[in-house]
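The listed protein sequences correspond, in order, to chains A and B. Under this note's numbering, read the first sequence as residues 17 to 366, first letter to last. Under this note's numbering, read the second sequence as residues 102 to 694, first letter to last. Here a beta-carbon is modelled for each residue, glycine too, at the ideal position from N, C-alpha and C. One structure is given here, and the rest of the page talks about it.
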Amino acid sequence: MSYIKPSFRHPEAPTNNIGYTEADYEGALSTLCAGCGHDSISSAIIQACFEMSIEPHTVAKISGIGCSSKTPTYFLGNSHGFNSVHGRMPSVATGANLANRHLTYIGVSGDGDTASIGMGQFSHVVRRNLNMLYIVENNGCYGLTKGQDSATADVGSHSKKGAVNQYQSIDLCALAIQLGADFVARSFSGDKAQLVPLIKAAMSHQGFAFIDVLSPCVTFNNNVGSTKSYEFVREHIQATGTVDFVPMQEEITVSYEEGASQEVCLHDGSVVRLRKNGKDYNLRDRAAALAAATDHAHSGEILTGLLYMDPDTEDLHTLLDTSECALNKMTEAELCPGNQALQKINDSLR
Amino acid sequence: MKPTDISDPEYFHKVVDCQYACPAHTPVPEYIRLIAAERYTDAYMVNWESNVFPGILGRTCDRPCEPACRRGRVEEEPVAICRLKRVAADYKEDIAERLPSIPTEKNGKKVALVGAGPASLTVARDLMPLGYDIDLFDEQALGGGFMRSQIPSFRLPEEVLAEEVNYVLDMGVITHFNTYVDSLKSLLDKEYDAVFVGSGAPNGRDLKVPGREEGAANIHIGINWLESVAFGHTSSIGEKVIVLGGGNTAMDCCRTSRRIGGKDVKVIVRSPFEEMKASPWEKEDAMHEDIPIMDNHVPVDFVVDQGRLVGMHFEKVRAQYDENGKRSLIPLDEPHVFVECDDVLVAIGQENAFPWIERDIGLEFDQWDMPKLDPQTFQSTNPRVFFGGDSAFGPENIITAVAHGHQAAISIDKFCQGKDVTARPMPGTILSSTKMGVHEWNFDNAVTNDLRFKVPHADKYQSLSDRHIEVELGFDEKLAYAEAERCLNCDVQTVFTDSLCIECDACVDICPTRCITFTESAEETELRGKLSAPANNLAQDLYLSEPLKTGRVMVKDEDVCLHCGLCAERCPTAAWDMQKFLYSVTKAAEVQS
Ligand SMILES: Cc1cc2nc3c(=O)[nH]c(=O)nc-3n(C[C@H](O)[C@H](O)[C@H](O)COP(=O)(O)OP(=O)(O)OC[C@H]3O[C@@H](n4cnc5c(N)ncnc54)[C@H](O)[C@@H]3O)c2cc1C
Ligand SMILES: Cc1ncc(C[n+]2csc(CCOP(=O)(O)OP(=O)(O)O)c2C)c(N)n1
Ligand code: SF4
Ligand code: SF4
Ligand code: SF4
Ligand SMILES: [Mg+2]
Numbered sequence: 017m018s019y020i021k022p023s024f025r026h027p028e029a030p031t032n033n034i035g036y037t038e039a040d041y042e043g044a045l046s047t048l049c050a051g052c053g054h055d056s057i058s059s060a061i062i063q064a065c066f067e068m069s070i071e072p073h074t075v076a077k078i079s080g081i082g083c084s085s086k087t088p089t090y091f092l093g094n095s096h097g098f099n100s101v102h103g104r105m106p107s108v109a110t111g112a113n114l115a116n117r118h119l120t121y122i123g124v125s126g127d128g129d130t131a132s133i134g135m136g137q138f139s140h141v142v143r144r145n146l147n148m149l150y151i152v153e154n155n156g157c158y159g160l161t162k163g164q165d166s167a168t169a170d171v172g173s174h175s176k177k178g179a180v181n182q183y184q185s186i187d188l189c190a191l192a193i194q195l196g197a198d199f200v201a202r203s204f205s206g207d208k209a210q211l212v213p214l215i216k217a218a219m220s221h222q223g224f225a226f227i228d229v230l231s232p233c234v235t236f237n238n239n240v241g242s243t244k245s246y247e248f249v250r251e252h253i254q255a256t257g258t259v260d261f262v263p264m265q266e267e268i269t270v271s272y273e274e275g276a277s278q279e280v281c282l283h284d285g286s287v288v289r290l291r292k293n294g295k296d297y298n299l300r301d302r303a304a305a306l307a308a309a310t311d312h313a314h315s316g317e318i319l320t321g322l323l324y325m326d327p328d329t330e331d332l333h334t335l336l337d338t339s340e341c342a343l344n345k346m347t348e349a350e351l352c353p354g355n356q357a358l359q360k361i362n363d364s365l366r
Numbered sequence: 102m103k104p105t106d107i108s109d110p111e112y113f114h115k116v117v118d119c120q121y122a123c124p125a126h127t128p129v130p131e132y133i134r135l136i137a138a139e140r141y142t143d144a145y146m147v148n149w150e151s152n153v154f155p156g157i158l159g160r161t162c163d164r165p166c167e168p169a170c171r172r173g174r175v176e177e178e179p180v181a182i183c184r185l186k187r188v189a190a191d192y193k194e195d196i197a198e199r200l201p202s203i204p205t206e207k208n209g210k211k212v213a214l215v216g217a218g219p220a221s222l223t224v225a226r227d228l229m230p231l232g233y234d235i236d237l238f239d240e241q242a243l244g245g246g247f248m249r250s251q252i253p254s255f256r257l258p259e260e261v262l263a264e265e266v267n268y269v270l271d272m273g274v275i276t277h278f279n280t281y282v283d284s285l286k287s288l289l290d291k292e293y294d295a296v297f298v299g300s301g302a303p304n305g306r307d308l309k310v311p312g313r314e315e316g317a318a319n320i321h322i323g324i325n326w327l328e329s330v331a332f333g334h335t336s337s338i339g340e341k342v343i344v345l346g347g348g349n350t351a352m353d354c355c356r357t358s359r360r361i362g363g364k365d366v367k368v369i370v371r372s373p374f375e376e377m378k379a380s381p382w383e384k385e386d387a388m389h390e391d392i393p394i395m396d397n398h399v400p401v402d403f404v405v406d407q408g409r410l411v412g413m414h415f416e417k418v419r420a421q422y423d424e425n426g427k428r429s430l431i432p433l434d435e436p437h438v439f440v441e442c443d444d445v446l447v448a449i450g451q452e453n454a455f456p457w458i459e460r461d462i463g464l465e466f467d468q469w470d471m472p473k474l475d476p477q478t479f480q481s482t483n484p485r486v487f488f489g490g491d492s493a494f495g496p497e498n499i500i501t502a503v504a505h506g507h508q509a510a511i512s513i514d515k516f517c518q519g520k521d522v523t524a525r526p527m528p529g530t531i532l533s534s535t536k537m538g539v540h541e542w543n544f545d546n547a548v549t550n551d552l553r554f555k556v557p558h559a560d561k562y563q564s565l566s567d568r569h570i571e572v573e574l575g576f577d578e579k580l581a582y583a584e585a586e587r588c589l590n591c592d593v594q595t596v597f598t599d600s601l602c603i604e605c606d607a608c609v610d611i612c613p614t615r616c617i618t619f620t621e622s623a624e625e626t627e628l629r630g631k632l633s634a635p636a637n638n639l640a641q642d643l644y645l646s647e648p649l650k651t652g653r654v655m656v657k658d659e660d661v662c663l664h665c666g667l668c669a670e671r672c673p674t675a676a677w678d679m680q681k682f683l684y685s686v687t688k689a690a691e692v693q694s
């Protein structure tokens, strides 16, 4: 058994705009089960951050509890991280984000961590439009505690031991759309071509961005009859369109025939483009997005890709009119302005 | 691109870069693992089976394996393959028991070998266990050929040479030393069933510039001079020596000179330093012994004063290359350089010569006066006569002579048994899983970051005082282990079973060098363009699976795979397995190792 990954990398490994190779975005060697979908998501995050030339120290990874929530150890080893309490990632992310708005926040959670114990926290962080990327690594079970059905398990899905789930499942994307999220996507750990551009777009989005990533648990939920197995997901997957992410530095060189694609321009100047089904699907129609997700679920299909997006949104900092300066950059005088200042505030509220 | 046929023995053979590059295809990683396990005798026998002279080659081999070594593609230096071979020889136990037994009842066939160099000795080694009667002829007093007469003893001690030459001779070869064969025709008349010519490339090239005749007493042909030193006929040289030439012979000449009286020894060569034929390590060793190398100097004349050689003139040049990379040396507009000297050693090349082979015995020669040979069988146009070593296609090296010897022995055996000489035997291959447990392999798959270890040297001043003192001391066991661990086990193959793969990407994600990609198949050039990492080394193959469930294929670029086994450890279905591939060149007689 290998506990150490060899330090040799491809001698011609490309470097990004700030001179880093992909290896500079890696983390510790994963201890998850061989073949776990979560590892592929880690690798997609690595690829996205590398390609976007993000300085690793400007990223904060925050997670709850679960196999999924363990993964931040396995990517971005040079970034900040907080492996918090079960279902409480949103609170910690909110606190951190309010203290310093200049970091890129990546929240990693599981379907158990989000749709069961963390359901309340999830709902509120969506409502508040915290500027972060929230990823649920969705395997329909509690992997870490040996595979019990989670709240995202589909009705009729078989567990490894053959038990059939009788409860209705929660569609986290539908919920996020309903709760007002302005960037909602679904993807599959086995489809990096789709997942990587989605992660890039989500990180560039100024506001709450949610990606529900189907991520098979090879050990407890990859059996015949499970609707979260590699095979089932592959067979039932449908995409709203092919997603391209064009960062702001790059010129848009390819042009598509009228109506074959639609483009959304982000605040930082980068562009998200939806190809193929582009003309049939309206990214900015919340009700239609909700309907599309639910309709597909009813017919036993899994709709992936970018489901809903509105770049013109006000995130929590804007809503609260908070300081531009991070708390850790303020002096003591600024942080504790004293009794006089407090009286002033109190007076204004009388 | 078509799915890879891994049942073709050459596919995985090529992945074992060192073994593939070795002319005799020595199973390098196999013996390196045995060394790491302190099984030196076993490691020695694996070598002996393949290359006959492990102790000699472990000190002198041209090591074509090392530039090919995979490790050199992921870090600075290849594994010290050659010097590890020496470790096996240095620390082995008595191997007498392990040598093949020689039948007392002979098979009734007689073979004559001309020359007692590595090529002939290999033929003898391969044919003796089959019951052949063998007569070996050499004009020298002892066996070994150029290994004895040319390679100086500070690189190859006489005991090491004698031991390995004797393993062969002691099989019952009938030796005729001090016997120059002056007629192939008369040898053929002596009712030999076959004759093998392993007479080498015995002529040193001369330098015909003004002053050559007048200075003759102090101008020596390098290989003749080295031979004369080796056999004790020459034991001194002047203090100031010029060695002309940039190959390994020049390096041996200058280093030998330093040991028998040369104080101010210079190597002077026409070509630029980087283009000299000598191996980099030979140049290093020479310079370490205070021998400067003057490059870009073309000899003009020998200067003789009062009947005595006093020096040489050189013209300085610079190299210029045309668009095809062809070099020409352009003279600089500078006065000729005069270099003082007492003696000159001319080491500017070697040539074949066959004055003893009649041209009317059905043995044809080509326009360069080289025998016409079948490159696979080494048979000449006289079906009873076979060639090998330097005599076959011009001067090469010991390991090439050995490789030729093995093939010639097969041909001679087939010929003597009345079989088709052109039907060559298939190589032996064994592919077996190294799996011991869930994530356990029976090889050390962890990759060390150690850089190449240096072989300790004897004290410089002491070794310069005596040409018999071996300069390199060899690795001790600890260093040998550490160096052996640098080997990436390229013979442990990543074997993919497409029916097991669930396309989870785990192997793709874990691979440190990004070897693996799942994608739509395409023509090779296009495919190479869409892999996870650049795949620009066209000498290395792509390993392609049959189409998988999604219609994609698995493509693995073999180029910089570390054989770390992480893909197999990460695969939930064991679609990847690490399997040891043992490739062995079939010899005339099976020699157990
Ligand atoms: C100075 C020098 C240093 C070298 N160093 C190395 C080295 O470090 N590593 C390496 O791999 N290679 C080295 N080589 C090359 C290597 O020695 C030869 O390539 C190799 O020995 C060739 O083997 P062979 O069996 O073809 O013949 P040789 O070793 O050349 O043996 C031929 C033998 O045939 C005998 N012979 C020839 N004609 C007749 C005849 N008519 N009758 C009887 N006997 C005859 C000769 O006396 C000689 O002994 C070196 C060569 C030179 C010149
Ligand atoms: C407060 C609390 N309750 C229960 C647990 C036990 N527990 C650990 S992980 C987990 C579920 C994890 O499921 P999920 O978030 O889907 O992660 P996965 O392992 O499937 O990736 C539970 C219930 C806990 N650690 N803390
Ligand atoms: S238990 Fe399931 S979710 Fe957890 S590491 Fe193993 S495969 Fe992944
Ligand atoms: S053995 Fe497997 S994981 Fe290791 S370098 Fe080779 S392909 Fe990659
Ligand atoms: S890890 Fe195994 S099952 Fe997964 S993609 Fe690689 S070979 Fe296929
Ligand atoms: Mg889960």
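Note to self: With a threshold of 8 Å between beta-carbons, can His26/A be considered close to chain B, or not?
What the structure shows: Cβ-Cβ to chain B under 8 Å: yes for His26/A.
Next item on the list: Quick one: list the residues of chain A neighbouring Val661/B, beta-carbon separation under 7 Å, in chain order.
Entry: At a beta-carbon threshold of 7 Å, the residues of chain A lying near Val661/B are His26, Pro27, ordered along the chain.
Next item on the list: Would you mind working out which of Pro496/B, Ser512/B, Val147/B sits nearest Ile324/B, comparing C-alpha positions?
Entry: Checked all of Pro496/B, Ser512/B, Val147/B; the closest Cα to Ile324/B is Pro496/B.
Checklist line | Proximal residues, the segment 244-259 of chain A versus chain B, C-beta separation under 8 Å | finding: Close to chain B, meaning a Cβ-Cβ distance shorter than 8 Å, are the following residues of the segment 244-259 of chain A: Tyr246, Glu247, Arg250.
Check: Measuring CA to CA, which of Ala138/B, Met102/B, Cys166/B, Glu150/B is closest to Tyr121/B?
Finding: For the residues Ala138/B, Met102/B, Cys166/B, Glu150/B, the minimum Cα distance to Tyr121/B belongs to Cys166/B.
Next item on the list: Could you check what DSSP says for Pro230/B in three-state terms: helix, strand or coil?
Entry: In the structure shown, Pro230/B sits in a helix (DSSP, three-state: H, G or I).
Notebook entry, point to check: Which bits of chain A does Ala547/B rub up against, with CB to CB less than 9 Å?
Noted result: Those are Ser18, Tyr19, Ile20, Pro22, listed as they occur along chain A.
Notebook entry, point to check: Is any heavy atom of ligand 2 found at a distance shorter than 7 Å from the C-beta of Ser178/B?
Noted result: It should be noted that the sequence gives Glu, not Ser, for residue 178/B. Not so, every heavy atom of ligand 2 lies at least 7 Å from the Cβ.
Next item on the list: Starting from the beta carbon of Cys49/A, find every residue of chain B whose beta carbon is closer than 8 Å, and list them in chain order.
Entry: Listed along the chain, the chain B residues whose CB falls inside 8 Å of the CB of Cys49/A are Pro673.
Next item on the list: Kindly indicate which residue of Tyr158/A, Pro327/A, Lys177/A, Thr89/A has the alpha-carbon position closest to the one of Phe199/A.
Entry: With distances taken between Cα atoms, Phe199/A lies closest to Pro327/A.
Margin query: Quick check: is the beta carbon of Gly53/A nearer than 8 Å to any beta carbon in chain B?
Written below: Using a Cβ-Cβ cut-off of 8 Å, Gly53/A counts as an interface residue toward chain B, since at least one Cβ of chain B sits closer than that to its own.
Next item on the list: Answer with yes or no whether the minimum CB distance from Leu632/B to chain A is below 8 Å.
Entry: The beta carbon of Leu632/B does not come within 8 Å of any beta carbon belonging to chain A, so the residue lies off that interface.
Item checked: Asn319/B and Leu410/B closer than 8 Å at C-beta -> A contact, by the Cβ cut-off of 8 Å.
Next item on the list: With a floor of 3 residues, list each beta strand (DSSP E) that falls wholly inside the segment 311-338 of chain B, ordered by position along the chain.
Entry: Taking only runs of at least 3 residues, the beta strand (DSSP E) segments lying wholly in the segment 311-338 of chain B are 320-322.
Notebook entry, point to check: In the structure shown, what three-state DSSP assignment does Ser277/A receive?
Noted result: The DSSP-derived three-state label of Ser277/A is coil.
Check: Does DSSP classify Cys616/B as helix, strand or coil?
Finding: Of the three classes helix, strand and coil, the one that applies to Cys616/B here is coil, per DSSP.
Margin query: Using a Cβ-based criterion (distance less than 7 Å to any ligand heavy atom), does Phe236/A qualify as near ligand 3?
Written below: Indeed, a heavy atom of ligand 3 lies less than 7 Å from the Cβ.
Item checked: Within chain A, partners of Leu667/B - CB distance below 9 Å -> Chain-order list of chain A residues neighbouring Leu667/B: Ser18, Lys21, Pro22, Leu45, by C-beta distance under 9 Å.
Notebook entry, point to check: Hey, how far is the Cα of Asn362/A from the Cα of Leu335/A?
Noted result: For Asn362/A and Leu335/A, the distance between alpha carbons rounds to 21 Å.
Notebook entry, point to check: So the alpha helix (DSSP H) Tyr644/B belongs to, where does it begin and stop?
Noted result: Note, Tyr644/B: premise wrong, no alpha helix (DSSP H); beta strand (DSSP E) at 643-645.
Item checked: Whole-Å CB distance - Ser300/B paired with Val215/B, under 8 Å assumed -> At roughly 5 Å, the Cβ-Cβ gap stays under 8 Å, so Ser300/B and Val215/B are in contact.
Check: What residue range is occupied by the uninterrupted alpha helix (DSSP H) comprising Pro431/B?
Finding: Reading the sequence as shown, one finds Ile at residue 431/B and not Pro. Where Ile431/B is concerned, there is no enclosing alpha helix (DSSP H), although the beta strand (DSSP E) it sits in stretches over 428-432.
Item checked: Residues of the segment 197-208 of chain A whose Cβ lies closer than 8 Å to any Cβ of chain B, in chain order -> Within the segment 197-208 of chain A, the qualifying residues are Ser205, Gly206, Lys208.
Check: Is the Cβ of Ile603/B closer than 8 Å to any Cβ of chain A?
Finding: Yes, Ile603/B lies at the interface with chain A (some Cβ there is under 8 Å from its Cβ).
Next item on the list: Round the Cβ separation of Gly43/A and Tyr90/A to the nearest angstrom and send it over; I've been treating them as touching at under 8 Å.
Entry: In this structure Gly43/A touches Tyr90/A by the C-beta definition: roughly 4 Å separates them, less than 8 Å.
Check: The beta strand (DSSP E) spanning Tyr183/A covers which residue range?
Finding: Tyr183/A -> no beta strand (DSSP E), and no H or E assigned at all.
Checklist line | Cβ neighbour criterion (16 or more within 10 Å) applied to Gln63/A | finding: So Gln63/A ends up on the buried side.
Margin query: Is there a C-beta anywhere in chain B that falls below 8 Å from the one on Val12/A?
Written below: Because chain A is modelled from 17 through 366, residue 12/A falls outside the range shown and cannot be assessed.
Next item on the list: State the Cα-Cα distance for the pair Ser633/B and His664/B, rounded to the nearest angstrom.
Entry: Roughly 17 Å separates the two Cα atoms.
Next item on the list: May I have a chain-ordered list of the alpha helix (DSSP H) segments no shorter than 4 residues that lie completely inside the segment 125-197 of chain A?
Entry: 127-131, 135-144, 188-194, all fully within the segment 125-197 of chain A.
Notebook entry, point to check: Which residues, in chain order, does the segment 56-77 of chain A contribute to contact with chain B at a C-beta distance below 7 Å?
Noted result: Within the segment 56-77 of chain A, the residues whose Cβ lies closer than 7 Å to some Cβ of chain B are Ser56, Ser59, listed in chain order.
Check: Buried or exposed: which applies to Ser469/B, given that a residue is buried once 16 or more other Cβ atoms fall within 10 Å of its Cβ?
Finding: Contrary to the premise, residue 469/B reads as Trp rather than Ser in this sequence. With fewer than 16 neighbouring CB atoms inside 10 Å of its own CB, Trp469/B falls in the exposed class.
Notebook entry, point to check: Under the three-state reduction of DSSP, which class applies to Ala60/A: helix, strand or coil?
Noted result: The answer is helix: DSSP assigns Ala60/A an H, G or I state.
Item checked: Separation of Asp606/B from Asn13/A, as counted between CA atoms -> Outside the displayed span of chain A (17 to 366) sits residue 13/A, for which this structure offers no information.
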